[in-house]
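Position one of the sequence shown corresponds to residue 270 (the working numbering), numbered consecutively onward.
Using N, Cα and C, we set each Cβ at its ideal position, and we do this for glycine too.
Please read these numbers as outputs of a predicted model, since none were measured by experiment.
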Amino acid sequence: MKRLGKILALVIEGLTHLTGWIAALSLVAAAVVVTEGVIVRKVFGISTIWQIEASVYLLIFTVFSGAAFVQKNEHHLNVDLVVIHLSPKTREVTLIVVSIISCIIAAVLAWYAWPMWWETVVNNEHSESLWGPPLWIPYCFLPLGMTLLFLQYILYIRNKITALRRGEYKEEAELFELRDIEIPEADSDPK
């Protein structure tokens, strides 16, 4: 059973990693598409019909499919005003409870989004723009992203509970907003 759990965790981590990098590439692609659209329209005076819609779809993919990757690396936006003042064990329990609530929200969104996506596939719905791409493609981003986020939260909660049972938690509160920021020291000699 533990072996199956490890295999599932590796699959989830791999899918999360893959979609995270595809999301990053989609963000770059959206920037390139918008830039190309502006150049074609302003420099050459040619009307465009697909750039805005394609860039919106790429950004939607980036947001929903990148969410699991962000959760995997614990880089979601956190409000730690209260959490940093709790005892270490209480802080870990609070993070687990908040993660369970977030996991439930992701599961509910995925649960309702998959039938919505399937309806667009069955009805062969297309965008009403001149370009008219099939809507099943962008409609797949929400359920896919929320399903991966749900699975990633399951792994995160399992790891947090395991660490809590073993007594492995940080004694010092981690200030999330200052994690990657270097604050220069003030110069004592004003000019």
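message: Tell me whether the segment 374–388 and the segment 284–304 touch, counting them as touching only if at least three CB pairs, one residue from each stretch, are closer than 8 Å.
response: Taking 8 Å as the limit for Cβ pairs, the verdict is that the segment 284–304 does not touch the segment 374–388.
- prompt: Candidates Ile281, Asp349, Ala293 and Ile315: which alpha carbon is nearest Tyr422's?
  reply: Here residue 422 is taken as the residue at index 153 of the sequence shown, counted from 1. Of Ile281, Asp349, Ala293 and Ile315, the smallest CA-CA separation from Tyr422 is found for Ile281.
query: Should the segment 323–336 be regarded as contacting the segment 408–425, the criterion being three or more beta carbon pairs within less than 8 Å?
result: Under the Cβ criterion (8 Å, minimum of three pairs), the segment 323–336 counts as touching the segment 408–425.
- prompt: Are there 16 or more other CB atoms within 10 angstroms of the CB of Ala300, so buried, or fewer, so exposed?
  reply: Here the question's residue 300 lines up with position 31 in the sequence shown. Classification of Ala300: exposed, given that the 10 Å Cβ count is below 16.
- request: Whole angstroms is fine: what's the gap from Val391's alpha carbon to Ile406's?
  value: Here residue 391 is taken as the residue at index 122 of the sequence shown, counted from 1. Here residue 406 is taken as the residue at index 137 of the sequence shown, counted from 1. Rounded to the nearest whole angstrom, the CA to CA distance from Val391 to Ile406 is 13 Å.
- prompt: Of all the options Tyr326, Pro403 and Leu424, which has the alpha carbon lying nearest to the alpha carbon of Leu296?
  reply: Mapped onto the sequence shown, residue 296 falls at position 27. Nearest option by C-alpha distance: Tyr326.
Ile373: first and last residue of the uninterrupted alpha helix (DSSP H) it sits in: Taking the first residue of the sequence shown as 1, we reach residue 373 at position 104. First-last of the alpha helix (DSSP H) with Ile373: Pro357 to Val391.
- request: Report the partner residues of His471 according to the DSSP bridge assignment.
  value: Outside the shown range of the chain (270 to 460) lies residue 471, about which nothing can therefore be said.
Proximity to Thr288 [Cα-Cα], best of Ile308, Tyr438 and Leu418: By one-based count along the sequence shown, residue 288 stands at place 19. Comparing C-alpha distances from Thr288 to each of Ile308, Tyr438 and Leu418 shows the shortest one belongs to Leu418.
message: Which of the three DSSP states is assigned to Glu343 in this structure?
response: Locating residue 343 in the sequence shown gives position 74, counting from the first residue. Correct three-state label for Glu343: coil.
- request: Report yes if the C-beta distance between Ser371 and Lys429 is below 8 Å; otherwise report no.
  value: If you number the sequence shown from 1, residue 371 lands on position 102. If you number the sequence shown from 1, residue 429 lands on position 160. It is not a contact, given that the beta carbons lie outside the stated cut-off.
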